[in-house]
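Protein chains in written order, with the numbering used here: chain P, 684 to 791; chain Z, 470 to 613. Beneath this line is the structure, given in structure tokens, with notes to follow.
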Amino acid sequence: MTLVQHLATIALAAVANFLTRLLPFALFKRSDKTPPRFIRALGDFLPGAIMAMLVVYCFREVDWTGPTHGLPETLAGLATVLIHLKWRQLFVSLIAGTLIYMLLLTLL
Amino acid sequence: MLNRYDGKGLAKFIQIFGLCDETFVVNYTLHVPEGIDRQQCYSWLSLFNYCYWVSGALVGGILGTTLAIKLPGLDFVMTALFIVLCLNQFLREENHLSTISGFVVTILCLVLVGKTYFLLATLVIPVAEFALVDRARQKGGKRS
């Protein structure tokens, strides 16, 4: 890409990004009304589904028919859940889960 | 954030422009003590967070090109983070309909649509599902 193309790409991404953030405010703020009840209720409902979606998204590249059948990912994921249920410390769960995964990768 | 952000002029621009995931979480859960301008708090927090992001990306870019260390499996940090966040959400919520259907819908879409475009379908279905659930609840509420 040339310099102009680079700059144009960055500018477009910036504008698009800003628009997504501006839109809800522009839609609901102008009239000084609170957003419709449905939108607020949706805001309470969606986070759970989105969290689940992100977890599945992280497992999308796992090759279930490959040599390890996704065993390291599954086991490390389960270990992360158990560790978090036991100690409820975000960073403990993150570091332990990742170390277990790295270990399983070399072992399996 | 619609009910919270009320900056004027430049502050409004900073608040809206700086509303990334991290800033959202911090400002959403922020407890502003008495006697401190809430809107100024939001604006400065957004601005500082933006600066950290820029400098963090710069340092990461420089280090990433000069120090080429390969640690296989380190990217599992991301997966572990989302697992923990999802677990926290699950433990906090009273009704698991959203989370459970999120799992079911996403896995179905991944299998049916393939890993390139499945997120698009996954984003639409829960909204439609909620519209149905919400309508049923409204009707039920009126009847009783």
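Ideal Cβ placement from N, Cα and C applies to all residues, glycine included.
- Where Gln508 of chain Z is concerned, the enclosing alpha helix (DSSP H) starts and stops at 507-535.
- Collapsing the DSSP output to three states places Gly760 of chain P in a helix.
- Near chain Z, meaning a CB-to-CB distance below 7 Å, the residues of the stretch 689-716 of chain P are Phe701, Arg704, Leu705, Pro707, Phe708, Phe711, Lys712.
- Taken in chain order, the members of the stretch 759-777 of chain P whose beta-carbon sits within less than 7 Å of a beta-carbon on chain Z are Ala759, Gly760, Thr763, Val764, His767, Leu773, Ser776, Leu777.
- The three-state secondary structure of Gly487 of chain Z, taken from DSSP, is coil.
- Taking every protein chain shown into account, the CB of Cys555 of chain Z has 16 or more other CB atoms within 10 angstroms, so this residue is buried.
- Distances from the CA of Asp746 of chain P to each of Z:Lys584, Z:Phe517, Z:Leu527 were compared; the closest alpha carbon is that of Z:Lys584.
- Residue state for Ile576 of chain Z is assigned as helix, using DSSP reduced to three classes.
- Following the DSSP letters along the chain, one finds Gln772 of chain P in no alpha helix (DSSP H), marked with neither H nor E.
- Any Cβ of chain P closer than 7 Å to the Cβ of Gly476 of chain Z would place that residue at the interface, and such an atom is absent.
- Close to chain P, meaning a Cβ-Cβ distance shorter than 9 Å, is no residue of the stretch 491-521 of chain Z at all.
- Between Phe545 of chain Z and Thr781 of chain P, the C-beta spacing is below 7 Å.
- Cβ proximity to chain P below 7 Å picks out Phe545, Val546, Met547, Thr548, Ala549, Leu550, Phe551, Ile552, Val553, Leu554, Cys555, Leu556, Gln558, Glu562, Ser567 from the stretch 545-567 of chain Z.
- The continuous alpha helix (DSSP H) containing Asp727 of chain P extends over residues 720-741.
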